Structure formats: C-alpha cells, structure tokens
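Number of protein chains: 2
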Amino acid sequence: MIRLSTTDADFADRFTALVEDRRESDAGVTQDVAAIIASVRRDGEAALRDLTQKHDRHDLEATGWQIDAADCKAAFDALEPELRTALELAAARIRAYHEKQRPLDSDSVDSAGVRLGARWLPVDAAGIYVPGGRAAYPSSLLMNAIPAKVAGVGRLAMVTPTPDGQINPLVLAAAHLAGVDEVWRVGGAQAVAALAYGAGRIAPVDVITGPGNAWVAEAKRQVYGVVGIDMVAGPSEIVVVADALNDPEWTAADLLSQAEHDVTTQSILFTDDAAFADKVAAAVDRQLSALATEAVARVAWDANGAIIVVDTLADAIPLVDRLAAEHLQLAIPDPQGFFDHVRHAGSVFLGRYTPEAIGDYVAGPNHVLPTGRRARFASGLSVLDFMKRTSFLALDEAALRELGPATVALANAEGLPAHAKSVALRLRLNH
Amino acid sequence: MIRLSTTDADFADRFTALVEDRRESDAGVTQDVAAIIASVRRDGEAALRDLTQKHDRHDLEATGWQIDAADCKAAFDALEPELRTALELAAARIRAYHEKQRPLDSDSVDSAGVRLGARWLPVDAAGIYVPGGRAAYPSSLLMNAIPAKVAGVGRLAMVTPTPDGQINPLVLAAAHLAGVDEVWRVGGAQAVAALAYGAGRIAPVDVITGPGNAWVAEAKRQVYGVVGIDMVAGPSEIVVVADALNDPEWTAADLLSQAEHDVTTQSILFTDDAAFADKVAAAVDRQLSALATEAVARVAWDANGAIIVVDTLADAIPLVDRLAAEHLQLAIPDPQGFFDHVRHAGSVFLGRYTPEAIGDYVAGPNHVLPTGRRARFASGLSVLDFMKRTSFLALDEAALRELGPATVALANAEGLPAHAKSVALRLRLNH
Chain A
-8 MIRLSTTDAD FADRFTALVE DRRESDAGVT QDVAAIIASV RRDGEAALRD
42 LTQKHDRHDL EATGWQIDAA DCKAAFDALE PELRTALELA AARIRAYHEK
92 QRPLDSDSVD SAGVRLGARW LPVDAAGIYV PGGRAAYPSS LLMNAIPAKV
142 AGVGRLAMVT PTPDGQINPL VLAAAHLAGV DEVWRVGGAQ AVAALAYGAG
192 RIAPVDVITG PGNAWVAEAK RQVYGVVGID MVAGPSEIVV VADALNDPEW
242 TAADLLSQAE HDVTTQSILF TDDAAFADKV AAAVDRQLSA LATEAVARVA
292 WDANGAIIVV DTLADAIPLV DRLAAEHLQL AIPDPQGFFD HVRHAGSVFL
342 GRYTPEAIGD YVAGPNHVLP TGRRARFASG LSVLDFMKRT SFLALDEAAL
392 RELGPATVAL ANAEGLPAHA KSVALRLRLN H
Chain B
-8 MIRLSTTDAD FADRFTALVE DRRESDAGVT QDVAAIIASV RRDGEAALRD
42 LTQKHDRHDL EATGWQIDAA DCKAAFDALE PELRTALELA AARIRAYHEK
92 QRPLDSDSVD SAGVRLGARW LPVDAAGIYV PGGRAAYPSS LLMNAIPAKV
142 AGVGRLAMVT PTPDGQINPL VLAAAHLAGV DEVWRVGGAQ AVAALAYGAG
192 RIAPVDVITG PGNAWVAEAK RQVYGVVGID MVAGPSEIVV VADALNDPEW
242 TAADLLSQAE HDVTTQSILF TDDAAFADKV AAAVDRQLSA LATEAVARVA
292 WDANGAIIVV DTLADAIPLV DRLAAEHLQL AIPDPQGFFD HVRHAGSVFL
342 GRYTPEAIGD YVAGPNHVLP TGRRARFASG LSVLDFMKRT SFLALDEAAL
392 RELGPATVAL ANAEGLPAHA KSVALRLRLN H
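Taken in order, these protein sequences are the chains called A and B.
Residue numbering for the first sequence is -8 to 422, as defined by the working numbering.
Residue numbering for the second sequence is -8 to 422, as defined by the working numbering.
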C-alpha cells in the first residue's frame, strides 16, 4: 500500500504513476493465443479435446462435451433455500434493471417527405465465458446471461472449463435460472475460438462476453471483428471517497472486498482526514489477519493499495476522474454533489449504506464494468451489447427530388459518378 | 461477376463461398503496424515526422503539423454555392437524425427503496481518421464528426495524410462545417498511434473512428482497449433485391455505385426474373464503358459482383440474411413486408426511389456501417459511440436491510468473505 498526500512535493508524479499502472500482463500470451485459435480453426473438435485433456485433465468423449439442462435444473433444485432465494432475488432484480435498457425503435417522416428510422434486433446467438476454479461465480453468469435473454437472444451458449471434470453446482444452478441454452465443458482461448468460428458440434455465435484469465481476454481481443465482444477487461479496481464520519471498519471492508478478488486488483481510498486514514489502514491490517481470502487480499493491498489524503473532498474530484475507476464509492455527506462533478467511472455507489458489494450481486445494475481507466470511453455490459441497429430510409419520387440534386453535386465532387447517376437517372437530371 | 440460380445443382456451395468470401487482406500488416505503433510510443513526434517524410513526402516542420481553423473556414467560404448548399443540407440532416440518438438517463427508486439509474456523458476527446488521396470524402468527415459533436465531445481531433503536402479543400470545408477542433497533417497507422497514446503536441483521445486502408484498420484494432474504436471495417458491399418492374438502368447504376468505391467492394443482385437479370448485366457493361471510375468499378464487378436468380422474392430473404450486408436496397412491390423478415443488414433502402447513394450523403442516417457480415452483431456509427454510461446506486439503511442478507449469502457461497463483511458490518449481521 502506498500513502500519498496532495501536499507531498512529489505528489503529481506519484499519482500519475498510480494512474498509469496498468497491472495487466501481456507476457507473451499473444502468440500462444494465436496458435490456439489457429489449431481450433484447423482441427475443430480434435483440438478442443486435446487442449482440454492437457489443461483440464479429462477426456471430453468420456466426460461428455455438454452438461445437460436436466443437470442444471437438478443443481438448482438441490440448492439450500437461503441460497436459492438469494439467487432468485438477484436474477429478478438484474432482469428488472436490464429490461429498462431495451432500446426504442424510431420511424418517422420528416418535412422533406423522407421516411427514416432505426430498428433494433437481438443477435441470433451469444456465447458466455464462465471461468472455472476460484473465479467460478454464479453472479457473473447471471450478469452476462440475463442481459442476453432480455435482449431476446434465441441461442445462449455457455463455455466453462471443468478441471478434472468438476464444476461448481452453483454455476449450473445459475445457468438454469438464467435460461442458458447450452453448457459446454470447454475453457481457455480454445473455447473462445470455438464460439467465434464454430468447431464441430459447437455452432458459432455472434457475440462473446464474460470474464476470463489473460488467455481468454486476449482470445476475445483476437476474435473481435469476427464476432462482437463485450470489452477488453483487466484487473478490477475500487476508489472509495470517505470522510472521518465513517466507521473505519466499514471502509476497510469496502477496500478489502475489492482486494480479495485477485492479486492484481487495486483499492484506493481518498479521505480528507489523516487520522481517519490511519484508522482505516490499521483496520485493513486487522481484518486481513482474520480473512479467509487473506493470501490474495494481502498481496493485492500491499502491491496496489493506496490511501490518498486530500485537503478537501472537492480536491479529490479531478483525481478520481483521472483514475476513471470501475467502482467509485462515495461515503461522504453529499455524495450526489460529488457525483455531479465526476465524469469518468464505471459504476457509482452513493452514500454510507451503499457498499460496492451490493452492486456485485442483487442491486440490479450490471457488475461487468470497464476497468483500467476504460470508463473514460466504455460502459458496463448492457442489453445493447446483445443487439444491433439497422437504419432504414424510404423516399418517394417527390422526396428524392428534394434531396437528389444535393446528392448529385456531392457525389460528383467526390469523384463518384455512378453514385450521381443512380440518383440522376431516377429524376431525369443531368449529371 | 458470377451468375447463380437457386435451381443450380451446386447453388448451396457456391452461395456459401460467396458468403464466406472475406475480401480482406491481412497480408502481414499486423507486424508492420505493431512496429509503427511501438515507434510512435517510443519516439513521439520524431517518429511521426520520419514516417510522414517517408510516406507523404513532406516535412511536418516545414509544412506545419496542423491546418489552421482559418484555413478550413477559408476553404468553406470559397466553395461554389451549389456545393456549399449541398454540404449544409447534408450536415443539417445528419445532425437532425443523430440528435434523436441521444440516450436518456434513468434515475428512479424501486419498491425496495433502492435508488438506481444510469447517466450518459460524452467522452472528453475523440479522434477522426480522414483518408487522403482518392478516398478523401467530405461526406465521411461529416458522418464521423457530427455524431461526436451531437454527443457533446469537447475536443474533436482529426488526422489526415496530406501527400506532398496537398489536401482536398472540400475536406477542409467539411471540417469547418462540422466543427472539428484540430486538424493534424498525419496519416497511416502512425496517426492512429498518436491519437491513442499521444505524441508530443498531439494529446491522446478516448475514441478513434473513421475509415482507412488496411494499415489504419489494423492500427485501430491494435489500440482497441486503450481507446474505444467504432468498428473493424472491411470492404463495402450492397445487396439489391429487384423485380422486373424496375428500369434495368437504375438497378445497374445502383450496383455500380458500390463497385466504384474500391476494387474490393461487392455488389449483389437478387431478382426473380432471369430476363431482367440479363438486362441488368448488359446495362452494367454499357454503363461501365462510360464511367469515369471504370478502372475501379470494372475490377470490383468482375471479381466480386453476383447476380442471383431466385424463384420468388421471398426465397431471397434467408439468403439476404446470411449475407448480412452493409447496404440492402429493396426495389420491389412490398419492401416493408420483405424488411419485416430480414434480421441482418446495416442499412436498408426501401422502394424504387431510394437508391443507396441518397444514404451516403444527405438523408441523415450514418453511412459508417458494419461490413463483411458484421451486421449480424454490429450497428452503424452513432452518437452512442462517443458516449459512455455510468450506472449508480444509492441505498439507505432500510434498503440495505432488504438486499443485505441475500448479498451476504451469495458472497459467502462464492468464497468472498470481505464482500459479505462490508454488508454485514453495516447491518450488524452475522456473516
């Protein structure tokens, strides 16, 4: 953890270093991933079977390529009641929030007599990557699958590695609840390649979303353009702005809730009170010792954590904007006033009773958010990521007469005479 | 040009070949572009100056890095009245169409007492690539710049190569009309790198859009994630569906208006009348001989053109969907009925008096559209490409009490105890 104050002589440089710290490994995965994609395109199922044997230590022909819908339903039915209720609450609230994102079509006739508009439709098929092992989160499955289903996607195929053939039953339960149509026991870059290009029994999809390790992220980047993808995702981060009126234990838990995800995550506290900063730092240390995820969270906090003391809370605004954080939690007296001045953040948590974790599960907004300063230009996952817009135009002869001469003039000026001719012929104009 | 009929014995295979024909060169530009980006990141302005000297044969220190706003205004003022009126009509209609795309914010309190919503803001800065040489189209500049300005982007930087120091005055006039803030005399992959990472006097932007050659397209792909980009664009295409009631000359001109763009473009006609197909083929040949762009259009038509005879117009619907064309023109008796069944197209032109060219210039919808079957998942350029959405949440203690227990249950089930603790502490729950 680093401790900074805006009054430090070297603050500007040290803060810039914090902003520019990418925490993203691109350690030669590009070539590996390109080779994996090429092998799946060339050898199809055989490549998937070999790579699964190598990385997940099971034979797809023996364990089965797919997990049946009946198995997903059985996992859901076997949930203990408390978890089942929690998962259902989450799904219902996520669905309600995303239903409001459905875009409206437009269709109107303007004063020139031109009918023009736009029509939205879902993609035919979407693929969702669900990590195996430690990061096999049913909440992530809901956050990816439900927007696709709300969009109206007809075929939703999930891929997930099952190391040694094992899979988290909670993930299967969530797949049932979200209405996933196919569950394939394939992971890694090879699974992304199979979704993008198709491989034997796995038909290709149009959009691929979902979190994964560096290989999965790079594979999504490499197939972008062949299919749509949600975003280039990196390590997670939280910025907490808190004054001395907070309970330091609450603030410490908020910072650690990010740190426990992965050793690459970043937790940053801004406060206007140095004594409060000390108390939070001490509380973080104390809580870490009792945390089951200490091994991960302590590395993340030590390597990437930061506490920054500012003179006034308003001084934090431009600094927060430069960080363009995935999560921004405002535990201050006037969170809305602060938010009004922030331009860049993935998701904002307003007030002392809105811990970031509430947004990870049940609140409703999507928890798939832009990381690594990408909130400057990117948005969280939404229904729009699973839809596409077709614009349309209809002119009659009178409308074409209104717009035709300008079109002919511009087409000729651009040196495109066939463009001009296609209009001029219809209007019997010189061109 | 190939001629197919759905009754051909080998129709399925030949149509699939047409669908899968990518027409995209990836002839080793990947490594070239990576090297150019690395050199711009390392050497900044010096790299730009060297590469400009090499490719565009002028010295930026002598010709000037930027073109002044005054020069753009002078170019606009010097336009002949007909062109000036045409450009102004185009800009006004493009602006009007895109103003309707501005997204609405949401902000509401639900039955659990949770305030939740989403806020849209423009990115701080956008960069537009404008090609030099033959494809220096003022219309493309308007189609890229106006949505950015409608979104509210504060800084709009344009890059364009000026071979031998020369630039098309129409492009400068369009830059003035669209309100471009900076015009840089830099092109190629190096210009994209400068916009993404910054290079000396060129400050970095958040989003890069605009057409370019294979190097520019690959550079955008490589910087995707560092900045947002509009899309991975490929060669242009048109599908025309026309019955025998059309004037074959009109249909021929429609096909050629695509073919004249570039030797890689694809023009495809579907018709239910073989005699009409013959007449169009003859008209294309005749028109080609008189076309100033014959050299390009003939190569494109010969290499990539197709005429496909179907039994009934309805038979064309699934074929059209598989092509997922950038442009779809429906010169048939019931264009709306056909369009109702089409799922995939970038932009649709309904009826005999709606030639595609009208959409290239003045109609209003964007002419930057998904190519190469990407209309399956991608949309035309819009105001949304220059904006991003921040979701937000606000809970009070009562609302947290509603959602807290489910969050604690799910966080514990996912093995994330600090997540659970951040909620449980606030509610004095066991966790």
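Every residue gets a Cβ at the ideal spot worked out from N, C-alpha and C, and that includes glycine.
Quick caveat, the model's predicted, so the values are computed rather than measured.
Under the three-state DSSP convention, the category residue i falls into
i, result
"A/I323", "coil"
"A/I28", "helix"
"A/S413", "helix"
"B/P202", "coil"
"B/S338", "strand"
"B/I158", "coil"
"B/E228", "strand"
"A/T151", "coil"
"A/P113", "strand"
"A/L260", "strand"
"B/D98", "strand"
"B/T76", "helix"
"B/S(-4)", "strand"
"A/F368", "coil"
"B/H318", "strand"
"B/S382", "strand"
"B/Q181", "helix"
"A/L247", "helix"
"B/G118", "strand"
Partner residues on chain A for residue i, Cβ-Cβ distance less than 9 Å
i, result
"B/V223", "Y215, G216, V217"
"B/L9", "Per Cβ cutoff of 9 Å: no residues; B/L9 is ~18 Å from chain A at best."
"B/L391", "Y344, T345, P346, I349"
6 Å Cβ shell around residue i - same chain, five flanking residues per side excluded
i, result
"B/P239", "K270, V271, A274"
"A/L80", "V353"
"A/D264", "A235"
"A/I299", "L(-5), F261"
"B/L107", "L384"
"B/D376", "D221"
"A/L471", "Any question about residue 471 of chain A goes unanswered here, given that chain A covers just -8 to 422."
"A/P152", "D47, G123, G178"
"B/A366", "A315, H335, A336, G337"
"B/R277", "none"
Beta-carbon neighbours of residue i, restricted to chain B and to distances below 8 Å
i, result
"A/E405", "Y128, P129, S130, L161"
"A/D245", "S413"
"A/V114", "R367, F368"
"A/L372", "Going along chain B, no residue has its Cβ under 8 Å from A/L372, so there is no contact; the nearest lies around 10 Å."
"A/E251", "L407, P408, A409, H410"
Contacts that residue i makes with chain A (C-beta to C-beta distance below 7 Å)
i, result
"B/R417", "W241, Y344, P346"
"B/H410", "S248, A348, D351"
Beta-carbon proximity list for residue i, same chain, < 7 Å, skipping 5 on both sides
i, result
"A/I137", "A82, I85, R86, H89, A169"
"B/D172", "R146, L147, A148"
"B/A307", "V232, F261, V301"
Beta-carbon neighbours of residue i, restricted to chain B and to distances below 9 Å
i, result
"A/F340", "F383, L384, A385, L386"
"A/R212", "R212, Y215, G216"
Neighbour list for residue i in chain B, Cβ cutoff strictly below 7 Å
i, result
"A/P356", "L107, S382, L384"
"A/A81", "A397, L401"
"A/K64", "Simply none; closest approach about 19 Å."
"A/K379", "A366, F368, A369, S370"
"A/L394", "I349, V353, A354"
8 Å CB neighbourhood of residue i in its chain, flanking five on each side removed
i, result
"B/D(-1)", "R5"
Margin query: Taking 8 Å as the cut-off, does the stretch 107 to 124 of chain B touch the stretch 141 to 158 of chain B (at least 3 CB pairs, one atom from each stretch)?
Written below: yes
Checklist line | Contact residues within the stretch 324 to 337 of chain B, judged by C-beta distance below 9 Å to chain A | finding: P326, Q327, F330, V333, R334, H335, A336, G337
Item checked: Selection of the stretch 171 to 200 of chain B by Cβ proximity to chain A, strictly under 7 Å -> Going along the stretch 171 to 200 of chain B in chain order, one finds D197, V198 with a Cβ nearer than 7 Å to chain A.
Notebook entry, point to check: Closer than 7 Å, Cβ to any Cβ of chain A: which residues of the stretch 87 to 99 of chain B, in chain order?
Noted result: Y88, K91, S97
Notebook entry, point to check: When you check each C-beta in the stretch 266 to 291 of chain B against every C-beta of chain A, which residues fall closer than 8 Å?
Noted result: Q278, L282, A283, T284, A288
Next item on the list: Determine contact between the stretch 161 to 177 of chain B and the stretch 406 to 420 of chain A, defined as no fewer than three beta-carbon pairs at a distance below 8 Å.
Entry: No: fewer than three Cβ pairs fall under 8 Å.
Item checked: Inter-stretch contact at 8 Å, needing at least 3 Cβ pairs: the stretch 344 to 351 of chain B / the stretch 392 to 404 of chain A -> yes
Check: Closer than 8 Å, Cβ to any Cβ of chain A: which residues of the stretch 67 to 78 of chain B, in chain order?
Finding: E73, L74, T76, A77, L78
Next item on the list: With 9 Å as the C-beta to C-beta threshold (strictly closer), list the residues of the stretch 134 to 150 of chain A near chain B in chain order.
Entry: none
Item checked: Contact the stretch 65 to 81 of chain A vs the stretch 149 to 167 of chain A: 3+ CB pairs below 8 Å -> yes
Margin query: Is it the case that the stretch 203 to 221 of chain A contacts the stretch 241 to 250 of chain A, given that we only count it when at least three CB pairs across the two stretches are under 8 Å?
Written below: no
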